[in-house]
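Undergrad:
Residue numbers (this note's numbering): 113 to 731.
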């Protein structure tokens, strides 16, 4: 709001009849901007028992007990209304976007039994379009949080009408105006496509409510609007929301070198990730405001009504959650003030909490590069940030849902905890499945097929867990000693892509030309396919060394010389099956990058490999 606003309004009480000797209605006389509005307070008094100067009903020994009783009720009502009036003044000073609803706010406060009416004016044609749209938000948007967002949309639309010199009336609004508003937002501030579309579609939603309202009958056609298109794929829209792995959660939880505020932020975030709840619902859990149900098998679950949707969530408190809750049971939080249900305090402090969470995640080693896609206005932009920079409280809910599904929990059961009514939101927003996730689910399902000749799964060699997204791994510095003491090269980069496929190709090559069921067999096509996969992976731009380091921690060998022999054997196998020189050299370079090879061995192996390749080329 660009103009100055002075809330010069007052509240007085008058009688409907002042001369008749019978109980008469008391009116609250509310004055604002030179206009007066009368509201029946729902109480009566004898005119002779009303003190006009003091604005109260008289209490006197000269009156009957019944009169004094009735007048006490009147005075109690007036005192209550005056207190409410002061509250409303303070509230409106903090929420100026509701200034157009001042009368209705006071009217409902004075007498809640009165039916809501749209306006102080009888003729809707006299009302501004933005006031009517605000009224539609008040009437039809049930959630308080959502209602505030829609009122913000109306404020932005009002600024557009003023900037363009368009009449603030329903008759002036049409499809052309709404499309021009979209372009106006795009040119004024080319924000994220989702934010822009929400503003336009929010106004359209309120217009449609006004169209349906019998008292308004806006009659504005909104069907022909051409919206700015979000050109990103479903995966691209989700690319900035990166769910964490269980390994990463453990890295966060076990990291000890933190300041007191960081410890509290870490604990809150871990609880969120293990419970799948919004930050607004954590106060209930930490305060113990939930119902405990003991199941037949002896396990316990808790349930409560979530703040945003008023749906019921049913949760299991994992041991780590119980540990954290017990830790803060007596003392509470000293540095983070989020466990209040005051929405304004939570919103104010959540940004500070998010900054602290990022600091914790950076310290814990979550600094891998994440590529994501944004559409700013009509332009699609590829961006890159460190993982910790993208983590915030909302990441927790995405993490919980994704991990539950990766661990085999059906989506229909996951929504019991998240309080969704169906799985649509999980599929569209929260679940982040990589190709590995989808492939693993597919293979596990196919393995269940029995008794089929055509539809059967071959057992793969050296199978490992591949559900971890390479760009989402925890990067921690690993010394040369730790690498050489805890690795076999067969699983160095990725067992699936290198060791298993190289060994498979060598095995097939050894079988070329052998007889099977009386037929001469050849595996040239299969070998070529495997070689292609190996080369493609070797030459990709993904941080393969990060993946290597994850496997390093899980493996062990005896002597360092055994490791080098293992590596040399692998290189010989690559030469044997026909891997290109470029791919093999990249393979060797990666080993050098993670300190598997020192300078001397690096030079030595390159020379040996070059000689072997030359010999291969000579036939």
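All residues carry an ideal CB built from backbone N, CA and C; glycine is no exception.
1) State the DSSP-derived secondary structure class of residue 418, mapped to helix, strand or coil.
2) Could you name the residues of the same chain whose beta carbon sits closer than 6 Å to that of residue 409, not counting the 5 residues immediately before and after it, in chain order?
3) So, helix, strand or coil for residue 395, using DSSP?
4) Can you name the residues that DSSP bridges to residue 375?
5) Look at the alpha carbon of residue 724 and the alpha carbon of residue 686, and state the distance between them as a whole number of angstroms.
6) Which of helix, strand or coil does DSSP assign to residue 724?
7) In chain order, what residues of the same chain have a beta carbon less than 6 Å from the beta carbon of residue 493, not counting five sequence neighbours either side?
8) Using a threshold of 9 Å, state whether the C-beta atoms of residue 530 and residue 353 are closer than that.
9) Buried or exposed: where does residue 192 fall if 16 or more other Cβ atoms within 10 Å of its Cβ makes it buried?
10) In three-state DSSP terms, what is residue 668?
11) Helix, strand or coil: how does DSSP classify residue 730 here?
12) Who does residue 121 pair with in a DSSP beta bridge?
13) Candidates 526, 538, 520 and 536: which alpha carbon is nearest residue 555's?
14) How is the beta strand (DSSP E) around residue 481 delimited, first residue to last?
15) Taking DSSP as the reference, what is the three-state secondary structure of residue 160?
16) In chain order, which continuous runs of the alpha helix (DSSP H) of length 4 or greater are located wholly inside the region 465-528?
17) Pull up the distance between the alpha-carbon of residue 355 and that of residue 240, whole angstroms please.
18) Mind checking which residues open and close the beta strand (DSSP E) that includes residue 531?
19) Where does residue 733 fall in DSSP's three states?
20) Tell me, to the nearest whole angstrom, how far the beta carbon of residue 688 is from that of residue 643; I am working on the premise that it is less than 8 Å.
21) Terminal residues of the continuous alpha helix (DSSP H) containing residue 308?
22) What's the C-alpha gap between residue 405 and residue 517?
23) Is DSSP giving residue 370 helix, strand or coil here?
24) Over what stretch of residues does the beta strand (DSSP E) that includes residue 404 continue unbroken?
25) I need the DSSP call for residue 127, collapsed to helix, strand or coil.
26) Name the residue from 621, 327, 315 and 259 whose alpha carbon lies nearest to the alpha carbon of residue 334.
27) Is the region 465-481 in contact with the region 370-378, if contact means three or more CB pairs nearer than 8 Å?
28) Please report the distance separating the alpha-carbon of residue 584 from that of residue 277.
29) Between residue 498 and residue 481, is the Cβ-Cβ spacing less than 9 Å?
30) Are residue 121 and residue 189 closer than 9 Å when you measure CB to CB?
31) Where do the N-terminal and C-terminal ends of the alpha helix (DSSP H) with residue 268 fall, by residue?
32) Compute the beta-carbon to beta-carbon distance between residue 257 and residue 150, rounded to the nearest angstrom, for a pair I have assumed lies under 8 Å.
33) Where residue 247 and residue 310 are concerned, what is the direct C-alpha to C-alpha distance, given to the nearest angstrom?
34) Is residue 282 closer than 9 Å to residue 312 when the C-beta atoms are compared?
35) Could you tell me the distance, in whole angstroms, from the CA atom of residue 427 to the CA atom of residue 387?
TA: The relevant details are as follows:
1) Numbered from 1 along the chain shown, position 306 holds the residue referred to as residue 418. In the three-state DSSP reduction, residue 418 falls in the coil class, being neither helix nor strand.
2) Within the chain shown, the letter at position 297 stands for residue 409. Closer than 6 Å at the Cβ level, and outside the excluded window around residue 409, lies no residue.
3) To locate residue 395, count along the chain shown from 1; it is residue 283. Three-state result, residue 395: helix.
4) If you number the chain shown from 1, residue 375 lands on position 263. Under DSSP, residue 375 takes part in no beta bridge, so it has no partner.
5) Within the chain shown, residue 724 is the residue found at index 612, counting from 1. Within the chain shown, residue 686 is the residue found at index 574, counting from 1. Using only the alpha carbons, I get a separation of about 11 Å.
6) Looking up residue 724 in the chain shown gives position 612. Judged by DSSP in its simplified three-state form, residue 724 adopts helix.
7) For this step, residue 493 is matched to residue 381 along the chain shown. In its chain, beyond the 5 residues on either side, 486 have a beta carbon closer than 6 Å to the beta carbon of residue 493.
8) Position 418 of the chain shown holds residue 530. Position 241 of the chain shown holds residue 353. No, these two residues do not count as a Cβ contact at 9 Å.
9) Looking up residue 192 in the chain shown gives position 80. Flag for residue 192 reads exposed.
10) On the chain shown, position 556 is the one that residue 668 refers to. Here residue 668 scores only 42 on pLDDT, less than 50, and its place in the model is too uncertain to base an answer on.
11) Walking along the chain shown from the start, residue 730 turns up at place 618. Correct three-state label for residue 730: coil.
12) Residue 121 sits at position 9 when you count from the first residue of the chain shown. Partner(s): 144.
13) The sequence position of residue 555 within the chain shown is 443, counting from 1. For the residues 526, 538, 520 and 536, the minimum Cα distance to residue 555 belongs to 520.
14) To locate residue 481, count along the chain shown from 1; it is residue 369. First-last of the beta strand (DSSP E) with residue 481: 481-488.
15) Position 48 of the chain shown, counted from the first residue, corresponds to residue 160. DSSP, read as helix, strand or coil, puts residue 160 in helix.
16) Entirely contained in the region 465-528, the alpha helix (DSSP H) runs reaching 4 residues are, in chain order, 505-518.
17) What you label residue 355 is simply residue 243 of the chain shown in a count that begins at 1. What you label residue 240 is simply residue 128 of the chain shown in a count that begins at 1. Rounded to the nearest angstrom, the two C-alpha atoms are 46 Å apart.
18) As a position in the chain shown, residue 531 is number 419, starting the count at 1. Premise fails: residue 531 is in no beta strand (DSSP E) and is neither H nor E.
19) No answer is possible for residue 733: the residues shown for the chain start at 113 and end at 731.
20) For the purposes of this step, residue 688 is identified with residue 576 of the chain shown, where counting begins at 1. For the purposes of this step, residue 643 is identified with residue 531 of the chain shown, where counting begins at 1. So it is not a contact: roughly 11 Å between Cβ atoms.
21) In the chain shown, residue 308 corresponds to position 196, counting from 1. From DSSP, the alpha helix (DSSP H) with residue 308 extends over 305-324.
22) Counted from its first residue, the chain shown places residue 405 at position 293. Counted from its first residue, the chain shown places residue 517 at position 405. Going from the Cα of residue 405 to the Cα of residue 517 covers about 24 Å.
23) The residue given as residue 370 occupies position 258 in the chain shown. Under the three-state reduction of DSSP, residue 370 is assigned to coil, being neither helix nor strand.
24) Indexing the chain shown from 1 puts residue 404 at position 292. Where residue 404 is concerned, the enclosing beta strand (DSSP E) stretches over 403-406.
25) Taking the chain shown and counting its residues from 1, the one referred to as residue 127 is at position 15. Strand.
26) Within the chain shown, numbered from 1, the residue matching residue 334 stands at position 222. Of 621, 327, 315 and 259, the smallest CA-CA separation from residue 334 is found for 315.
27) The region 465-481 and the region 370-378 touch, with no fewer than 3 CB-CB distances between them shorter than 8 Å.
28) On the chain shown, position 472 is the one that residue 584 refers to. On the chain shown, position 165 is the one that residue 277 refers to. Any reading at residue 584 is ruled out, since the residue's pLDDT is 38, under 50, leaving its predicted position unreliable.
29) Along the chain shown, read from residue 1 onward, the residue named residue 498 stands at position 386. Along the chain shown, read from residue 1 onward, the residue named residue 481 stands at position 369. For residue 498 and residue 481, yes; Cβs fall inside 9 Å.
30) By one-based count along the chain shown, residue 121 stands at place 9. By one-based count along the chain shown, residue 189 stands at place 77. Going by C-beta atoms, residue 121 is not nearer than 9 Å to residue 189.
31) As a first step, residue 268 is located in the chain shown; it is residue number 156 there, counting from the start. For residue 268, the uninterrupted alpha helix (DSSP H) segment begins and ends at 256-276.
32) Position 145 of the chain shown holds residue 257. Position 38 of the chain shown holds residue 150. The C-beta separation of residue 257 from residue 150 comes to about 34 Å, leaving the pair out of contact by the 8 Å criterion.
33) Locating residue 247 in the chain shown gives position 135, where the first residue counts as 1. Locating residue 310 in the chain shown gives position 198, where the first residue counts as 1. Each residue's alpha carbon lies about 19 Å from the other.
34) Reading the chain shown from its first residue, position 200 is the one you call residue 312. Reading the chain shown from its first residue, position 170 is the one you call residue 282. Not in contact: residue 312 and residue 282 (Cβ atoms no closer than 9 Å).
35) Against the chain shown, residue 427 aligns to sequence position 315. Against the chain shown, residue 387 aligns to sequence position 275. Taken atom to atom, the span from the alpha-carbon of residue 427 to that of residue 387 is near 7 Å.
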